[in-house]
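Per the UniProt record's numbering, the sequence shown runs over residues 1 to 225.
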Amino acid sequence: MKRSRIALFGATGSIGSNTLRVISKFRDKFELVAFSVHENLDGYFWIISEFSPKVAVITGDLKVQSPPVTTLYGKEGLIEVSERDDVDIIVVATSGNVGVYPTIHGLKSGKRVALANKETLVSFGKIVKETWLSSSGELIPIDSEHSALFQLFEKYKKDVDELILTASGGPFRTFTREEMRRVTIDDVLDHPVWSMGKKITVDSATLMNKGLEVIEAYWLFDVPP
1 MKRSRIALFG ATGSIGSNTL RVISKFRDKF ELVAFSVHEN LDGYFWIISE
51 FSPKVAVITG DLKVQSPPVT TLYGKEGLIE VSERDDVDII VVATSGNVGV
101 YPTIHGLKSG KRVALANKET LVSFGKIVKE TWLSSSGELI PIDSEHSALF
151 QLFEKYKKDV DELILTASGG PFRTFTREEM RRVTIDDVLD HPVWSMGKKI
201 TVDSATLMNK GLEVIEAYWL FDVPP
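This is the structure we're talking about:
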């Protein structure tokens, strides 16, 4: 059976690490062709030794002397990998607006784009949607809430009247107003469920991320807030 060839952008983050675990468990089904890190060189070398990819991308300011595999840099590297003929699936698990580059170019190249990056749709939703609809590419959300909605729409779209985005409530769900006045940055970053980067953890604690997810849902499923 032919293996699906994967480019994983944001390989050392939470979703990236989980994706690597899936690839490792099902090596008969998936092959890691390419990956990106920002500045995590330990992760860079470990992934190369563990998965033997063909190419890597570093999006931060670091340069590797005598890299063990072909190594590209910056958004140009992400774009080049996204257009490779030996890539079937692009997993966009980066943080920040840089995720728009592999998303757009992956769709234009007819790839299946598995999107976990919020900023891509929040900041560039109209452009991404137009590119998606005019290309042979496929856009699949893999962030938890939108993945669940995607699966729901796949089978029961005509039966859906309303979409509800759920939330854990973060670390302050049961706090009183008085307790909220004494909250520290360490409290904000201590999420009870997920281990994430600082920005997304703050957004989660303040429920700002729910507002972003409403915007994502609008572009993915054509549902007004």
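Yeah, the Cβ is synthetic: ideal placement off N, Cα and C, and Gly gets one too. Just so it is clear, the structure is predicted and the values come from calculations on it, not from any experiment.
So what does DSSP say about residue i, is it helix, strand or coil?
{"i": "VAL57", "result": "strand"}
{"i": "SER36", "result": "strand"}
{"i": "GLU80", "result": "helix"}
{"i": "SER168", "result": "coil"}
{"i": "GLU50", "result": "helix"}
{"i": "THR174", "result": "coil"}
{"i": "MET196", "result": "coil"}
{"i": "PRO102", "result": "helix"}
{"i": "residue 228", "result": "Lying before the first or after the last residue shown, residue 228 is absent from the chain, which here runs from 1 to 225."}
{"i": "ASP222", "result": "coil"}
{"i": "VAL188", "result": "helix"}
{"i": "LYS118", "result": "helix"}
{"i": "GLU213", "result": "helix"}
{"i": "GLU179", "result": "helix"}
{"i": "LEU41", "result": "helix"}
What number of angstroms, rounded off, separates the C-alpha of residue i from the C-alpha of residue j?
{"i": "TYR101", "j": "VAL183", "result": "37 angstroms"}
{"i": "LEU139", "j": "GLU179", "result": "42 angstroms"}
{"i": "SER135", "j": "VAL113", "result": "12 angstroms"}
{"i": "VAL160", "j": "LYS108", "result": "30 angstroms"}
{"i": "residue 229", "j": "GLY77", "result": "Residue 229 is absent from the model: the chain starts at 1 and stops at 225."}
{"i": "LYS210", "j": "TRP194", "result": "15 angstroms"}
{"i": "VAL64", "j": "PRO225", "result": "46 angstroms"}
{"i": "ASP186", "j": "LEU163", "result": "33 angstroms"}
{"i": "VAL87", "j": "SER144", "result": "24 angstroms"}
{"i": "TRP46", "j": "PRO141", "result": "27 angstroms"}
{"i": "HIS38", "j": "TYR44", "result": "9 angstroms"}
{"i": "SER4", "j": "LEU115", "result": "17 angstroms"}
{"i": "GLY110", "j": "THR19", "result": "21 angstroms"}
Under the DSSP definition of a beta bridge, which residues are partnered with residue i?
{"i": "SER144", "result": "DSSP output for SER144 lists no bridge partner at all."}
{"i": "VAL113", "result": "ILE90, LEU139"}
{"i": "PHE30", "result": "SER4"}
{"i": "PHE9", "result": "SER36, VAL92"}
{"i": "THR70", "result": "VAL55"}
What is the C-beta distance between residue i and residue j, in whole angstroms, given that I count them as a contact (C-beta under 8 angstroms)?
{"i": "GLY99", "j": "GLU80", "result": "Incorrect: roughly 16 angstroms between the Cβ atoms, too far for contact."}
{"i": "LEU212", "j": "VAL122", "result": "5 angstroms"}
{"i": "GLY170", "j": "HIS191", "result": "7 angstroms"}
{"i": "LEU220", "j": "HIS105", "result": "With a Cβ gap of about 19 angstroms, LEU220 and HIS105 do not count as contacting."}
Less than 6 angstroms between the CB of residue i and some heavy atom of the ligand MN, yes or no?
{"i": "PRO171", "result": "The ligand MN is not among the ligands present in this structure, which contains no ligands whatsoever."}
Would you say the stretch 52–67 touches the stretch 22–33, given that touching needs at least three Cβ pairs under 8 angstroms?
Touching, yes.
Is there contact between the stretch 181–200 and the stretch 123–134, where contact requires at least three CB pairs shorter than 8 angstroms?
Contact check between the stretch 181–200 and the stretch 123–134: fewer than three CB pairs, one atom from each, fall below 8 angstroms, which does not count as touching.
Count the CB pairs spanning the stretch 3–14 and the stretch 89–99 that are closer than 8 angstroms, and state whether there are at least three.
They touch, by the three-pair rule.
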